[in-house]
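A.B. asks: Sequence order for the protein chains is A and B.
Just so we're aligned, residue 4 is where the first sequence starts under the working numbering, counting upward by one.
Just so we're aligned, residue 4 is where the second sequence starts under the working numbering, counting upward by one.
There are 2 protein chains.
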Amino acid sequence: MTDANPLIVFTPSGKRGRFPVGTPVLQAARALGVDIDSVCGGRAICGRCQVTVGEGEFAKHGIASRAAHVSAFSDVERRYDRIKGLAAGRRLSCQTRITGDLVIDVPPESQVHKQVVRKEADTRAIEVDPATRLCFIEVEEPDMHKPSSDLERVYKALKEQWGIDNLSCDLAIVTNLQKTLRKGAWKITAAVFSRAPGGGNRLVAIWPGFHDRAFGVAIDVGSTTIAAHLTDLSTGQVAASAGVMNPQIRFGEDLMSRVSYVMMNPGGEREMTDAIRQALNTLAAEVARQAGIDTADILEVVLVGNPVMHHLFLGIDPTELGGAPFALATGLAVTCPARELGLTLNPGAWAYVLPCIAGHVGADTAGVVLSEAPHEQDEIMLAVDVGTNAEIVLGSRARLLACSSPTGPAFEGAQISSGQRAAPGAIERIRIDPVTLEPRYKVIGSDKWSDEDGFEEAIANTGVTGICGSGIIEAVAEMYLAGIINQDGLIDGSLAASSPRIEAANRTFNYVIRSPGSGGNEPVIRITQNDVRAIQLAKAALYAGIRLLMDKLGINQVGKIRLAGAFGSHIDVKYAMILGLIPDCELSKVQSAGNAAGTGARIALVNVKARDEIEAVVRRIEKIETAVEPMFQQHFVEAMAIPHKTAPFPHLAAAVTLPAPKDVAPAGQDGGERRRRRRG
Amino acid sequence: MTDANPLIVFTPSGKRGRFPVGTPVLQAARALGVDIDSVCGGRAICGRCQVTVGEGEFAKHGIASRAAHVSAFSDVERRYDRIKGLAAGRRLSCQTRITGDLVIDVPPESQVHKQVVRKEADTRAIEVDPATRLCFIEVEEPDMHKPSSDLERVYKALKEQWGIDNLSCDLAIVTNLQKTLRKGAWKITAAVFSRAPGGGNRLVAIWPGFHDRAFGVAIDVGSTTIAAHLTDLSTGQVAASAGVMNPQIRFGEDLMSRVSYVMMNPGGEREMTDAIRQALNTLAAEVARQAGIDTADILEVVLVGNPVMHHLFLGIDPTELGGAPFALATGLAVTCPARELGLTLNPGAWAYVLPCIAGHVGADTAGVVLSEAPHEQDEIMLAVDVGTNAEIVLGSRARLLACSSPTGPAFEGAQISSGQRAAPGAIERIRIDPVTLEPRYKVIGSDKWSDEDGFEEAIANTGVTGICGSGIIEAVAEMYLAGIINQDGLIDGSLAASSPRIEAANRTFNYVIRSPGSGGNEPVIRITQNDVRAIQLAKAALYAGIRLLMDKLGINQVGKIRLAGAFGSHIDVKYAMILGLIPDCELSKVQSAGNAAGTGARIALVNVKARDEIEAVVRRIEKIETAVEPMFQQHFVEAMAIPHKTAPFPHLAAAVTLPAPKDVAPAGQDGGERRRRRRG
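1. Determine the extent of the beta strand (DSSP E) in which residue 248/B is found, giving its start and end residues.
2. Please state whether DSSP places residue 651/B in a helix, a strand or coil.
3. Which stretch, first to last residue, makes up the beta strand (DSSP E) that contains residue 235/B?
4. Indicate whether at least one CB of chain A lies closer than 8 Å to the CB of residue 626/B.
5. If I'm right that residue 352/B touches residue 301/B with Cβ under 8 Å, what's the distance once you round it to whole angstroms?
6. Mind pulling the chain B residues with CB within less than 9 Å of residue 323/A?
7. Along the stretch 343-361 of chain B, where does the CB come closer than 8 Å to a CB of chain A? Name the residues.
8. Give every residue of the same chain whose Cβ lies closer than 8 Å to the Cβ of residue 203/B, excluding the five residues on either side of it in the sequence, and list them in chain order.
9. To test your reading of the DSSP string, which unbroken alpha helix (DSSP H) runs of 4 or more residues are found completely within the stretch 610-639 of chain A?
10. Taking beta-carbon pairs under 7 Å, can you tell me which members of the stretch 153-173 of chain B lie near chain A?
11. For chain B, check one thing: does any of its Cβ atoms lie closer than 8 Å to the Cβ of residue 673/A?
12. Determine whether the beta carbon atoms of residue 646/A and residue 580/A lie at a separation below 8 Å.
13. With residue 557/B and residue 382/B assumed to form a contact (beta carbons below 8 Å), what rounded beta-carbon distance in angstroms separates them?
14. Quick one: any contact between the stretch 234-244 of chain B and the stretch 212-223 of chain B, if contact means 3 or more CB pairs under 8 Å?
15. When you compare the stretch 93-102 of chain A with the stretch 37-55 of chain A, are there three or more beta-carbon pairs, one atom per stretch, that lie closer than 8 Å?
16. I'd like the list of long-range same chain contacts for residue 45/A, defined as Cβ closer than 6 Å, with 5 residues on each side in sequence excluded.
17. Could you compute how far the alpha carbon of residue 8/B sits from the alpha carbon of residue 18/B?
18. Is there contact here, the stretch 175-185 of chain B with the stretch 348-363 of chain A, by at least three beta-carbon pairs under 8 Å?
19. Can you name the start and end residues of the alpha helix (DSSP H) that residue 643/B belongs to?
20. Please tell me whether residue 319/A has its Cβ less than 8 Å away from any Cβ of chain B.
21. Roughly how many angstroms separate the alpha carbons of residue 625/B and residue 331/B, rounded to a whole number?
22. Note down, one range per segment and in chain order, each beta strand (DSSP E) of at least 3 residues found wholly within the stretch 395-471 of chain A.
23. Determine whether the beta carbon atoms of residue 411/B and residue 541/B lie at a separation below 8 Å.
24. Along chain A, which residues have their Cβ under 7 Å away from the Cβ of residue 328/B?
25. So what's residue 28/A in DSSP terms, helix, strand or just coil?
26. Would you say residue 150/B reaches chain A, if we count a Cβ-Cβ gap shorter than 8 Å as a contact?
27. Going along the chain, which residues of its own chain have a beta-carbon closer than 6 Å to the beta-carbon of residue 364/A, five neighbours each way excluded?
28. Is the distance from the Cβ of residue 375/A to the Cβ of residue 366/A below 8 Å?
29. Could you work out which residues of chain B lie near residue 631/A, taking near to mean beta carbons separated by less than 7 Å?
30. Report the option in 262/A, 221/A, 260/A whose CA atom is closest to the CA atom of residue 246/A.
31. Alpha carbon to alpha carbon, how far is residue 165/B from residue 38/A?
32. Which residues in the same chain have their Cβ closer than 6 Å to the Cβ of residue 595/B, if we skip the five residues on either side of it in sequence?
33. Which residues share a DSSP beta bridge with residue 595/B?
34. Which first and last residues belong to the beta strand (DSSP E) in which residue 190/B is found?
35. Cβ closer than 7 Å: which chain A residues qualify as neighbours of residue 339/B?
36. Comparing alpha-carbon positions, which option in 286/A, 568/A, 192/A, 378/A lies nearest residue 619/A?
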């Protein structure tokens, strides 16, 4: 049939169909379900619907020539090009009409459901599919011959021009509607939120005329730091990031001391809630400033945090989390107006808080799950987020378990004699010569190792003030590799004879890393027997939690490991395994997940289906409370040894030469204590 | 089969079924879909599920004897009887177990969907089916062996014990949940609202333990007065009523002057919104005080009002309603948290505002429709609510039309020389002797007619200060019946010769109703030619609006008439018809509807389906804007005559002897004006 309608083929989707001459390309795309973006609804304003008329593709598709097959570059496109610029070869698909057989290429940035690569280390892509969408509409003017209200005509426009129905709106929209419509000469941009409780679509914001800025902010509320990422809801790209210290630190360094503060000070939870909400507002203002947008352009906020932070930013007294049975007020995802959290974003902005998993396994861990996707793995994945508690998730597509293990603050440098926060001046890397027992180390703030020329000059400003969490892990692991401690963690006092680094102290021994000259004010940096034991207790707790979940799952081996959080980012996975923090695993399959909780928040922000996903996954995670598991204590005791008393470490042994078992004579009282503990 | 399970028959429903021995009667009722109320869910606390074991019914149902067929009065029932009292013969159906064949009578007050007779004048009954229900639940305690959050266990209890799912809640519920659960020892009462935007069920309030008070308040926000009815949501009964003057009166007596105030004073709408919301809070506190409840027991508020009031209490600038095209910001029903309207009821209370029909036909008229139900009539019903504008609804089950007609304030006594508000001292009834032309009248505040002994003493406190709306209607109608004015409304000056009541004034004549003694300060009460004309203009506008709708419907006759509002309550329908305010109709079928708008609000408060009903009806009402209807002017001119120039009045003529047409010589300039006006 020679008089058939022209054929149009879209790439990369390959979707094709025949349409009458004169049909706009955008309209044909919609009819075929081709994914082309638009905010203005085909009015040549937003420029989101750009396409390329497929040069060179014609022969391939059996289409002979290009010239006559689309309408000429129109005045409307010329105007758009003049005002906003249109790259060479690009057309606005809403203005380009079919005149003959045709191939149209939709570039990635013109797709509604753009893919955002989640992070460099991983190829899992996130589809941009936000809960809040902007819709430019032209609204009928009021007509006395067919009386109807302004809001009804807005709903009609959203239905007819965008296919959106089942609409409701905030009272604030109604109170601003008439002025906005008249200011915009009956053209407005509406933000529609699709996730309000109960269902339906909610009109949350309106602007006169065309408005093309819709942002969201993903916030990870940590006990120590709060990090925010401002994200463009139309592209999924991060526009700005910022972090601040959690101001609640003035109420207590660690979580439990903050819970205690509330218990001791009636109304204290209100103070802490106010402090955190103020910090959230400061952060939101800061990322908006960086990106050069108004905070009123922030239409959504997604929050994660551990259970205590979660309760406090929601305004819930965390007292119940301070003691058994550790009952959460709510573990369900929370969707509420952001203004109810005291956040000053767009007045119609909504907040989404990821679900909590259990009393000690919070929305931050849900963020880790969303980011690392253990529920999509065929092999068993272990995801660990280490803080004062370690939050542990283990499993695969088939089954997922989670628990929290009370590691205590040793991994963060607390309760360690030379321990300190990860800050300039802190030792973060260390190597020990197994022959001479001499250490070399790196300090935060300098690139040089301590045995390199110019090291002392490089650190002159800060000095060496202590050792941070990752430094302690390496120090103890290297002490083990160098034979300074044996598998039981006992410092071999007999080495004092051959090395001044081994220092007697009361009835035990220390390993001295740095002893400053007599003139300086810098402290001696050493690892004491107590420090080693604190690390052993912490790592045993972590391992025991992991082992408990492995038992429940009936496995002896994990396929891959993700270490999340600041600690997981800085730690060298090899040392973590030497120390026995984590079970044996192929070393290449142990990776840092960075701020996976924050990444999870960003995923939930840009992709609405991810919210359903994490809510469903969290529901089916089996929650294990270590405190009531009899096996936990046994695993804990067995895990005190380095790397472990009984578990085999084939992958580790293949990668690292582990020292032969060594009998170290216990020195005085301390060794006896250790033995009693091991009998447990 | 002799060993079949016992048969249980419920009256009055007649539902029947067989259940194992030991089944509680309430459980059998639920299984059969028998309507028995319960707040406590079968725990012998609420006493809502009372039944009577059907004495004397046994033979009729073929059941031989009563004694052995239910379990004995239990200790639990005895305890309930001791604490709250149980009438003789009553049993708690949750505690009464089936032991043999049985008839159970469910008294009306034990039914969930109790019927409330809407008002004395009408037999239409309203089913009690509120949007907010109380549910007593027992919540599982937290258990470390199966960690779950408190809110999740509350939702589980609501699902398992009440069949309620798809739940969401306010953040405030979550923040109070843990303390409430522990205070109530894991027993709480939850209020669940089923009408939140988007759908689903919303947990709006919680109390520790058993709580059995749930109220709603229906408020009619009139331009002049605001009336509130506190209603028990479980029985549908009004618990208290109160009214206050609308404090907005200080911004302007009538609606348009208030709109002008906003136009002239930037931010003036905020002042008026604050004033009205403050009045609503005062009223709510007053009805709560009267009923002896806490305002926190008020869980819902339903509001009606004309479009300007509607916009102002919602916080919407009413400027657009002040001029063509009279666009409403929203005509849709509004469902929003009551706190967003600044109302201090229960913090989780919801507000429902009935839909508006058009720019001059408001939510108050929707209330009239819900109350008078023209959409359920087989014959044509005319419902009229007269204020500064008359709001008119006409139609039946098949088709419904509405419009507003600019009657002006004459019917309220404004712009009438001796006019005043309906208040003590105002003449409200008047009769004129057709022979002597002497009047007799009644004054608000006294039961005596002016020709009765002791009249002057009875009114000594107030004097006679003016004439109110209903008095003016009667005065003009009686003047017509007495031949003082002719059909054209012209005062017959020739009568001045025979009666001192006819008084010359400039070039026209007055009718003097009361001329106080020379010593007093009281005014002369008279009806001037201008007064008659003002009433003619008002009634012509009203009639023209009605006639316009009759044209649209293609009818010449209405089946029944409802006069709503204060004016409609005080007016004598016969005089309204003599004057030609309303079309001819069988007099017995013209009734006052009282405060029908407020009644509509009460119906929407106690019956959730009524909200769907009125929203659906309003959508299909055909809205007519009189300002753009060419026929309106013609109808207006024709309706100036008393009762009407051309329309027949067969029913009126049968009931009242109307004067023969009379030619009155026009007196001077005024008559000329009148003739010009009639020519249009």
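Yeah, the Cβ is synthetic: ideal placement off N, Cα and C, and Gly gets one too.
C.D. replies: According to the structure shown:
1. 241-248
2. coil
3. 228-235
4. yes
5. 6 Å
6. 145, 153, 181, 185
7. 343, 344, 359, 361
8. 169, 170, 171
9. 611-623
10. 153, 154, 155, 171
11. Annotation note: pLDDT 45 at residue 673/A (below 50); position unreliable, coordinate value reported separately. For residue 673/A, the answer is no, since every Cβ of chain B falls outside 8 Å of its Cβ.
12. yes
13. Contact flag wrong, Cβ pair sits at about 15 Å.
14. yes
15. yes
16. 29, 97
17. 16 Å
18. no
19. Run containing residue 643/B: none; DSSP gives neither H nor E here.
20. yes
21. 16 Å
22. 403-408, 429-435, 442-446
23. yes
24. 145, 146, 147
25. helix
26. yes
27. 394, 405, 407
28. no
29. 147, 148
30. 221/A
31. 45 Å
32. 566, 571, 572
33. 566/B
34. 190-196
35. 174
36. 378/A
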